[in-house]
Amino acid sequence: MNNSDWQQWHFFVVIAEQGSLNKASNELGISQPTLSRQLYALEKSVGNCLFDRSTQGLTLTAFGQALLPQAKRMQESAFALQRIASGQQHSLSGRVRLSVNENIAQYYLAPVIAQFLEKHPQLSVEVDVSNKATNIDKRDTDIAVRMFKPTQLDVVSKHLDDIPVHFYASSEYIKQFGAPATIEELFNHRLIGFDRDRQFEDKAEEYGWSIRNEDFKFRTDNIPLQFEVACAGGGIVATHQAMASQYNLVKIDLGIQPQTLSVHLVCHRDLYQNSNIQALYRFLSEQLRFT
1 MNNSDWQQWH FFVVIAEQGS LNKASNELGI SQPTLSRQLY ALEKSVGNCL
51 FDRSTQGLTL TAFGQALLPQ AKRMQESAFA LQRIASGQQH SLSGRVRLSV
101 NENIAQYYLA PVIAQFLEKH PQLSVEVDVS NKATNIDKRD TDIAVRMFKP
151 TQLDVVSKHL DDIPVHFYAS SEYIKQFGAP ATIEELFNHR LIGFDRDRQF
201 EDKAEEYGWS IRNEDFKFRT DNIPLQFEVA CAGGGIVATH QAMASQYNLV
251 KIDLGIQPQT LSVHLVCHRD LYQNSNIQAL YRFLSEQLRF T
């Protein structure tokens with residue numbers, strides 16, 4: 001086995017995880033022909049096929065299955081080295097990457113980032129806005145604001161706040177349609193919710209409610225748009241108490257306990273030694289507020 005390098009083994013792991021060259025190339029951000037050539041070169045180097053090809057995609061051969069656990073350990077070691085190397089930087093210049101969800105980006109983050117950039121003019125901040133949790137281990141982000149308590153052992157985390165979530169509507173909507181007083185009445189109103197994202201359905205099941213995304217009168221996975229439609233009188237939405245108060249939405253009292261979102265600031269322990277990352281982490285922990 002010669003002439004194979006780390007990058008080819010990294011590609012091998014991603015292809016095995018994705019199950020096809022097309023999905024793996026999208027994940028890696030390279031072209032499918034380039035990825036195919038790299039895989040062929042690796043197979044030539046090891047002298048054996050790593051995958052069986054079919055119209056259904058790629059499946060590991062027995063030889064590939066035997067190599068995958070060690071390749072994953074190699075991948076984890078490489079990521080760890082990258083994190084530790086990044087953590088040795090001391091000057092406050094360069095870039096820091098932050099991951100937040102749509103509501104945090106739209107309604108809470110802007111003034112905090114503006115203050116941070118004023119304080120640290122040599123630093124650049126990149127913000128990835130996604131409702132899916134980014135992978136801190138793989139350096140998809142340096143710092144993340146998560147709406148759940150982290151379970152990883154190798155992270156630094158701080159509990160920032162608990163955000164109450166209620167149902168709200170505009171005063172115009174309530175004047176026209178009235179306010180529901182029970183869950184049964186709520187489901188007969190013009191509800192605003194998700195399209196393909198199933199998080200509301202999953203939470204409804206915990207409460208014993210029988211509701212599906214198809215029951216919403218307005219559906220979108222863009223959470224700020226849900227909120228803005230409610231502000232415009234389009235219906236009833238479940239949203240943050242602080243946001244609703246700021247935009248004068250009226251709370252719908254259904255006689256139930258509100259859900260709370262536990263907000264946590266998270267960074268990989270290796271990266272926290274980086275002075276740039278530590279500066280943004282500490283600033284967010286002090287300045288980012290949800291009330």
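Take the sequence shown: its position 227, counting from 1, is numbered 227 in full-length UniProt numbering, and each next residue is one higher. Quick reminder that beta carbons are idealized off the backbone N, C-alpha and C, glycines included. Remember, predicted model here, so these are calculated numbers, not experimental data.
Notebook entry, point to check: For residue 168, which residues does DSSP report across the bridge?
Noted result: For the purposes of this step, residue 168 is identified with residue 168 of the sequence shown, where counting begins at 1. In the DSSP output, where bridge partners are listed per residue, residue 168 has 237 and 251.
_Does the structure place the region 204–219 close enough to the region 131–149 that three or more beta carbon pairs sit under 8 Å?_
no
| field | Between the CA atoms of residue 69 and residue 2 - distance to the nearest angstrom | value | Here residue 2 corresponds to residue number 2 of the sequence shown, with the count starting at 1. Here residue 69 corresponds to residue number 69 of the sequence shown, with the count starting at 1. Note that residue 2 scores 49 on pLDDT, short of 50, meaning its location in the model is unreliable; the coordinates nonetheless yield the value given after this. For residue 2 and residue 69, the distance between alpha carbons rounds to 19 Å.
| Do the CB positions of residue 155 and residue 267 come within less than 8 Å of each other? | For the purposes of this step, residue 155 is taken as residue 155 along the sequence shown, with counting starting at 1. For the purposes of this step, residue 267 is taken as residue 267 along the sequence shown, with counting starting at 1. Yes, they are a contact pair.
Review point. Can you name, in chain order, every residue of its own chain whose Cβ lies under 6 Å from the Cβ of residue 159, other than the five neighbours on each side?
Key: For this step, residue 159 is matched to residue 159 along the sequence shown. Counting only Cβ-Cβ distances below 6 Å, and skipping sequence neighbours, we find 264.
Residue 51 to residue 136 span [Cα, whole Å]: The sequence position of residue 51 within the sequence shown is 51, counting from 1. The sequence position of residue 136 within the sequence shown is 136, counting from 1. Answer to the nearest angstrom: the Cα atoms are 29 Å apart.
Discussion item. Check whether the region 273–291 and the region 211–230 touch, using three or more Cβ-Cβ pairs below 8 Å as the test.
Written reply: no
Answer yes or no: do residue 242 and residue 251 have a C-beta to C-beta separation smaller than 8 Å? For the purposes of this step, residue 242 is taken as the residue at position 242 of the sequence shown. For the purposes of this step, residue 251 is taken as the residue at position 251 of the sequence shown. Not closer than 8 Å, so no.
Label residue 30 either buried or exposed according to how many other C-beta atoms from any shown protein chain fall within 10 Å of its C-beta, with 16 as the threshold for buried. To locate residue 30, count along the sequence shown from 1; it is residue 30. When all chains shown are included, residue 30 counts as exposed.
Same chain, Cβ closer than 8 Å to residue 256, five either side skipped, listed in chain order
Your numbering for residue 256 matches position 256 in the sequence shown. 183 and 207.
Practice prompt. Taking only the alpha-carbon atoms, compute the straight-line gap between residue 157 and residue 232 and give it to the nearest angstrom.
Written response: On the sequence shown, position 157 is the one that residue 157 refers to. On the sequence shown, position 232 is the one that residue 232 refers to. Taking the straight line from one Cα to the other gives about 37 Å.
Worksheet item: Could you give the residue range of the alpha helix (DSSP H) that holds residue 28?
Response: On the sequence shown, position 28 is the one that residue 28 refers to. From DSSP, the alpha helix (DSSP H) with residue 28 extends over 21–28.
query = Just reading off the alpha helix (DSSP H) that residue 8 is part of, what are its end residues?
reply = Translated into the one-based positions of the sequence shown, residue 8 becomes position 8. Note, residue 8: alpha helix (DSSP H), 6–18.
Q) Tell me which same chain residues have a C-beta within less than 6 Å of the C-beta of residue 94, skipping the five on either side of it? A) Taking the first residue of the sequence shown as 1, we reach residue 94 at position 94. Here the set comprises 276.
Requested in this report: Would you kindly work out how many angstroms separate the C-alpha atoms of residue 285 and residue 65, rounded to a whole number?
Outcome: The sequence position of residue 285 within the sequence shown is 285, counting from 1. The sequence position of residue 65 within the sequence shown is 65, counting from 1. Distance between the alpha carbons of residue 285 and residue 65: 44 Å.
TODO: Sort 162, 108, 239 and 229 by Cα distance to residue 200 and report the nearest one.
DONE: Within the sequence shown, the letter at position 200 stands for residue 200. Here the closest residue by C-alpha is 239.
Report task. If I'm right that residue 113 touches residue 125 with Cβ under 8 Å, what's the distance once you round it to whole angstroms? Result -> Against the sequence shown, residue 113 aligns to sequence position 113. Against the sequence shown, residue 125 aligns to sequence position 125. The Cβ separation is near 6 Å, so the contact holds.
*To which residues of the same chain is residue 303 closer than 6 Å at the C-beta, ignoring the five residues directly before and after it?*
There is no way to answer for residue 303, as the model of the chain reaches only from 1 to 291.
Discussion item. Could you pull the DSSP bridge partners for residue 227 from this structure?
Written reply: What you label residue 227 is simply residue 227 of the sequence shown in a count that begins at 1. DSSP output for residue 227 lists no bridge partner at all.
Which class does residue 77 belong to by DSSP, given the choice of helix, strand or coil? As a working mapping, residue 77 is identified with position 77 in the sequence shown. Residue 77: helix per DSSP, three-state reduction.
Exercise for review: Report, in whole angstroms, the separation of the C-beta atoms of residue 224 and residue 102, which I expect to be a contact under 8 Å.
Suggested key: Locating residue 224 in the sequence shown gives position 224, counting from the first residue. Locating residue 102 in the sequence shown gives position 102, counting from the first residue. About 5 Å separates the two Cβ atoms, so the contact holds.
Fill in: Distance, residue 189 Cα to residue 173 Cα
Taking the first residue of the sequence shown as position 1, residue 173 is located at position 173. Taking the first residue of the sequence shown as position 1, residue 189 is located at position 189. Rounded to whole angstroms, residue 173 to residue 189 spans 10 Å at the Cα level.
Where residue 116 and residue 105 are concerned, what is the direct C-alpha to C-alpha distance, given to the nearest angstrom?
-> Counting from 1 along the sequence shown, the entry for residue 116 is found at position 116. Counting from 1 along the sequence shown, the entry for residue 105 is found at position 105. Spanning the two alpha carbons is a distance of roughly 15 Å.
**Item:** residue 2, DSSP secondary structure in three states
**Value:** One-based indexing of the sequence shown puts residue 2 at position 2. Since pLDDT at residue 2 reaches only 49, below the 50 mark, its modelled position is unreliable, and no value is offered.
Considering only residues of the same chain and omitting the five flanking positions on each side of residue 9, which have a CB-CB separation below 6 Å?
By 1-based counting over the sequence shown, the position of residue 9 is 9. 71 and 74, listed in sequence order.
In terms of residues, what are the limits of the alpha helix (DSSP H) holding residue 205?
-> On the sequence shown, residue 205 is found 205 positions in, with the first residue counted as 1. Run containing residue 205: 199–207, per the alpha helix (DSSP H) assignment.
Helix, strand or coil for residue 64? Go by DSSP, reduced to three states. The sequence position of residue 64 within the sequence shown is 64, counting from 1. DSSP places residue 64 in helix when its eight states are reduced to three.
Cβ neighbour criterion (16 or more within 10 Å) applied to residue 55: For the purposes of this step, residue 55 is identified with residue 55 of the sequence shown, where counting begins at 1. Residue 55 is exposed by the Cβ-count criterion.
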